[in-house]
Structure formats: C-alpha cells, structure tokens
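Student: Sharing a structure below in structure tokens format, with a few things to ask.
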Amino acid sequence: MPLLEAEKLVHGLTERALSIATAESCTGGLIAAAITDVPGASRVFRYGWVTYCNEAKQRLLSVPLDIIEQHTVVSEPVVLAMAAGARKLAASDIAIAVSGNAGPTAAENEPPVGTVCLAVETSRNAQSVTLMLPNLTRAEFRREVVRRALKLALQSIAC
C-alpha cells in the first residue's frame with residue numbers, strides 16, 4: 257500500500273502537470289520506490305539516483321568535492337547541490353535530495369547517528385532542513401526520512 261504522503265504528492269504533481277526527480281543517499285532509493293508505488297506515478301516521476309558514496313554524488317550529480325569536504329556529506333549544502341544536480345539532469349520541475357546517518361555508528365568528523373538533511377529544489381526556490389531523528393532503528397530511520405522528504409516536497413508544490 258502506497259504511503260499517504262506519496263499518494264498526495266503524485267496527485268498534486270499530476271494536477272499541476274509537474275515532474276519530479278530524486279537524489280538519495282541514506283534512503284537507498286526508498287523515496288523513488290514510494291513515489292512509483294502510486295498508480296499514475298509514471299506521469300510525474302522522471303529519474304532517481306541512489307548516490308550512496310561521495311564519488312557517486314560528485315560524478316552523477318555534480319556535487320563539488322569542496323562542498324563535501326567543507327561541510328561533510330550529511331549537510332544542507334550537500335543536499336542542496338544534490339537536488340540542483342538531479343533537477344537539472346532530469347529536466348524535472350522538482351527534485352528531492354536526502355543524506356543522513358542511519359547508523360549504527362557515525363564516522364569520525366561526521367554528524368551523529370540520527371542526523372538527516374533534506375532538500376527540495378523547484379524552479380522558484382530551494383529549501384533545506386536538518387533533522388535529528390534519534391533512537392530509531394536503521395529501518396525506522398529510513399522510513400521516517402522518506403515520510404519527511406515526501407512532506408517537504410508536498411509543501412513545495414502547495415505554494
């Protein structure tokens with residue numbers, strides 16, 4: 257059964273004749289899966305990238321290495337660059353991007369487990385947010401990130 261947020265997003269995009277792309281790290285494609293689980297998603301979904309490693313973010317989405325090195329991979333500047341790259345490459349109206357630390361441990365100099373950054377870029381603007389989702393299992397964390405990312409995308413089309 258599709259997530260309610262995904263259904264609302266697909267219907268909202270369809271009503272507005274808008275398209276969407278995804279750029280995911282910690283969710284491993286779950287956002288794209290949630291969207292494409294909704295009947296009619298083929299009318300709005302353009303592309304999805306799973307850029308789990310830094311090299312993929314750089315090579316596939318044109319995220320500058322200096323942004324990753326300066327801010328860490330789990331940062332708002334990185335997800336904003338991921339969203340911009342995805343939207344441009346997919347020629348979509350909207351792009352969602354996420355990068356976070358699902359655990360069980362954090363690498364040295366990285367944000368703590370439970371940290372996630374989300375971004376949405378449209379032709380009008382880009383917005384990002386950093387959230388702390390502590391004390392969740394890896395699976396719970398990823399599901400919650402998907403839900404939050406879909407809600408952020410919904411908000412971006414409600415304007």
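Heads up, the sequence shown is in the working numbering, so the first residue is 257 and it goes up one at a time. All C-beta atoms, glycine included, are put in the ideal place defined by N, C-alpha and C.
What do you reckon, are the CB atoms on VAL330 and CYS373 nearer than 8 Å?
Tutor: A contact, by the Cβ cut-off of 8 Å.
Student: Using 8 Å as the Cβ pair cut-off and three pairs as the minimum, do the segment 292-301 and the segment 273-280 touch?
Tutor: Verdict: yes, contact present.
Student: What are the start and end residues of the beta strand (DSSP E) that includes GLU377?
Tutor: Element bounds for GLU377: 371-378.
Student: Taking the CB atoms as reference points, tell me whether THR270 and VAL402 lie closer together than 8 Å.
Tutor: Contact flag unset, no.
Student: Report the CB separation of LEU392 from GLY356 in whole angstroms; it is logged as a contact under 8 Å.
Tutor: About 11 Å separates the two Cβ atoms, so there is no contact after all.
Student: Would you kindly work out how many angstroms separate the C-alpha atoms of ILE413 and ALA358, rounded to a whole number?
Tutor: Roughly 28 Å between the two C-alpha positions.
Student: Looking at the structure shown, is THR361 part of a helix, part of a strand, or coil, going by DSSP?
Tutor: Looking at THR361 - three-state DSSP - the assignment turns out to be coil, as it is neither helix nor strand.
Student: Is the CB-CB distance between THR378 and GLU332 below 8 Å?
Tutor: Against a cut-off of 8 Å, the Cβ pair of GLU332 and THR378 comes out as no contact.
Student: I need the DSSP call for GLU280, collapsed to helix, strand or coil.
Tutor: Of the three classes helix, strand and coil, the one that applies to GLU280 here is strand, per DSSP.
Student: Hey, out of ILE324, GLN411 and GLN383, whose CA is closest to GLU366's CA?
Tutor: Taking only the C-alpha atoms, the option nearest GLU366 is ILE324.
Student: Let's see if you can read the secondary structure: which residues bound the alpha helix (DSSP H) around ARG302?
Tutor: Where ARG302 is concerned, there is no enclosing alpha helix (DSSP H), although the beta strand (DSSP E) it sits in stretches over 301-306.
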